[in-house]
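J.: Could you have a look at this structure, given as structure tokens, before my questions?
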Amino acid sequence: TDGPPNPSCKIMIFRPSMDEFREFNKYLVYMESQGAHRAGVAKVIPPKEWKPRKHYNDIEDLVIPAPIKQMVTGQSGLFTQYNVQKKPMTVKEFKQLANSDKYRTPRYIDYEDLERKYWKNLTFVAPIYGADINGSIYDEGIEEWNIAHLNTILDVVEEECGISIEGVNTPYLYFGMWKTTFPWHTEDMDLYSINYLHFGEPKSWYAVPPEHGKRLERLAQGPNSENFSTFSFHIYFMCI
1 TDGPPNPSCK IMIFRPSMDE FREFNKYLVY MESQGAHRAG VAKVIPPKEW
51 KPRKHYNDIE DLVIPAPIKQ MVTGQSGLFT QYNVQKKPMT VKEFKQLANS
101 DKYRTPRYID YEDLERKYWK NLTFVAPIYG ADINGSIYDE GIEEWNIAHL
151 NTILDVVEEE CGISIEGVNT PYLYFGMWKT TFPWHTEDMD LYSINYLHFG
201 EPKSWYAVPP EHGKRLERLA QGPNSENFST FSFHIYFMCI
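Sequential numbering from 1 applies to the sequence shown in the UniProt record's numbering.
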């Protein structure tokens, strides 16, 4: 008999048609049938005719209530990240910062070159991250893959039980710039997480196949485990 699909746990890319895209739950089942879940992350490229928002020139006055400055220390693959909360700013102000000489993405040959620059310069010039902003900028009436209304059992929890769990059955917005980082983690209750990139530079992901997760944990508990308990990044929050 044939073994389970995607035995190499490769990250899979999907390009659904508009008809396929309309059925969120059905398409997720299809992705799993292809073994996409075994990689820990999958990429879905929406059909060209699908637009979650007609334009973005009207969000500049949106306020980022608690941007954080991400200060990173460490070396040799072991880093500590300190998140220092900053004063509120608008999306327009954030965009100006992100595109300034101090914070903008450096020139690069290809994404491998950019990745090298990221790790080489991680501890220099702490970036600003607009993270965990309640809400969505999808246009009203968008039904397909609307992160605020995915028509899953989590919607039932909110609608029928009146239970709202921020970032789980309600959406979060994130505004990033060069080097902003969300440390490695598993999702709440091992749920799937869905992310949509509205605009800007591509976003880089690192993933470990779930079936190899214990191997990563054993590595973190290895000879250097006295230096860290959560592997790769510690996170500390400070407010000023």
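From the three backbone atoms N, C-alpha and C, an ideal C-beta is built for every residue, glycine too.
The structure presented is a predicted model; accordingly, all values stated were derived computationally and were not measured.
Measuring alpha carbon to alpha carbon, tell me which residue in Ile142, Thr105, His37, Glu160 is nearest Ala207.
T.: If we check each option's Cα against that of Ala207, His37 comes out closest.
J.: Just grab the DSSP bridge partners of Tyr129 for me.
T.: Per DSSP, Ile68.
J.: Tell me which residue opens and which closes the beta strand (DSSP E) that Tyr175 is part of.
T.: Going by the sequence as given, residue 175 is Phe instead of Tyr. Unbroken beta strand (DSSP E) run through Phe175: 172–175.
J.: When the cut-off is 8 Å and only beta carbons count, does Asp188 lie next to chain D?
T.: This model lacks chain D altogether; it includes just one protein chain.
J.: Just tell me which of Gly176, Glu217, Ile133, Ile147 has its CA closest to the CA of Ala66.
T.: Ranking the options by Cα distance to Ala66, first place goes to Ile133.
J.: Of all the options His212, Glu211, Gly200, Pro210, which has the alpha carbon lying nearest to the alpha carbon of Thr105?
T.: Here the closest residue by C-alpha is Gly200.
J.: Between Val91 and Arg22, what straight-line distance do the alpha-carbon atoms span, to the nearest angstrom?
T.: Near 31 Å, if we compare the C-alpha coordinates of Arg22 and Val91.
J.: Should Tyr103 and Trp178 be called a contact, given that it needs their Cβ atoms to be closer than 8 Å?
T.: Yes; because the gap between Cβ atoms is below 8 Å, this pair is in contact.
J.: Hey, how far is the Cα of Val29 from the Cα of Pro210?
T.: Each residue's alpha carbon lies about 18 Å from the other.
J.: Suppose you measure from the CA of Pro88 to the CA of Gly162; what does that come to, to the nearest Å?
T.: Distance between the alpha carbons of Pro88 and Gly162 is about 30 Å.
J.: Measuring alpha carbon to alpha carbon, tell me which residue in Pro46, Gly135, Gly35, Gln70 is nearest residue 261.
T.: As displayed, the chain neither begins before 1 nor continues past 240, which places residue 261 out of reach and without an answer.
J.: Could you say which of Trp184, Leu173, Asp188, His185 lies nearest to Asn195 if we only look at CA atoms?
T.: The option with the nearest alpha carbon to Asn195 is Leu173.
J.: Taking buried to mean at least 16 other C-beta atoms within 10 Å of its own C-beta, is Asp169 buried or exposed?
T.: Note on residue identity: the sequence assigns Asn, not Asp, to residue 169. Looking at its Cβ environment, which holds 16 or more other Cβ atoms inside 10 Å, Asn169 is buried.
J.: Taking 8 Å as the limit between beta carbons, can you name the residues of its chain near Ser164, skipping five residues before and five after?
T.: Within the same chain, Ser164 has close Cβ partners Glu158, Thr170.
J.: For the region 105–125 against the region 133–149, are there 3 or more C-beta pairs whose distance is under 8 Å?
T.: No: fewer than three Cβ pairs fall under 8 Å.
J.: Nearest-angstrom Cα distance between Met238 and Pro52?
T.: Confidence at Met238 is low in this model, with a pLDDT of 41, below 50, so the placement of that residue should be treated as unreliable; the coordinate-derived value is given next. Near 35 Å, if we compare the C-alpha coordinates of Pro52 and Met238.
J.: Jot down the residue ranges of each uninterrupted alpha helix (DSSP H) in the region 92–122, minimum 4 residues, whole runs only, in chain order.
T.: Segments of the alpha helix (DSSP H) lying fully in the region 92–122: 111–120.
J.: Starting from Asn25, trace the alpha helix (DSSP H) in both directions and tell me its first and last residue.
T.: It spans 24–33 - the alpha helix (DSSP H) in which Asn25 sits, taken as one unbroken run.
J.: Buried or exposed: where does Ile64 fall if 16 or more other Cβ atoms within 10 Å of its Cβ makes it buried?
T.: It is buried - the Cβ of Ile64 has at least 16 other Cβ atoms within 10 Å.
J.: In whole angstroms, what is the alpha-carbon distance linking Val41 and Gln85?
T.: Their Cα atoms are separated by approximately 30 Å.
J.: Using a Cβ-Cβ cutoff of less than 7 Å, which residues in the same chain neighbour Pro127 once the five nearest sequence positions on both sides are dropped?
T.: These residues qualify, in order along the chain: Gln70, Tyr103, Met177, Trp178, Lys179, Thr180.
J.: Would you mind reading off the limits of the alpha helix (DSSP H) that contains Leu62?
T.: Segment: none, Leu62 is in no alpha helix (DSSP H) and carries neither H nor E.
J.: Would you identify the three-state DSSP class for His149, choosing helix, strand or coil?
T.: It is a strand residue.
J.: Less than 8 Å between the CB atoms is what I'm expecting for Pro47 and Ser76, so what's the real figure, rounded?
T.: Going by Cβ atoms, the distance from Pro47 to Ser76 rounds to 44 Å, so no, they are not a contact pair.
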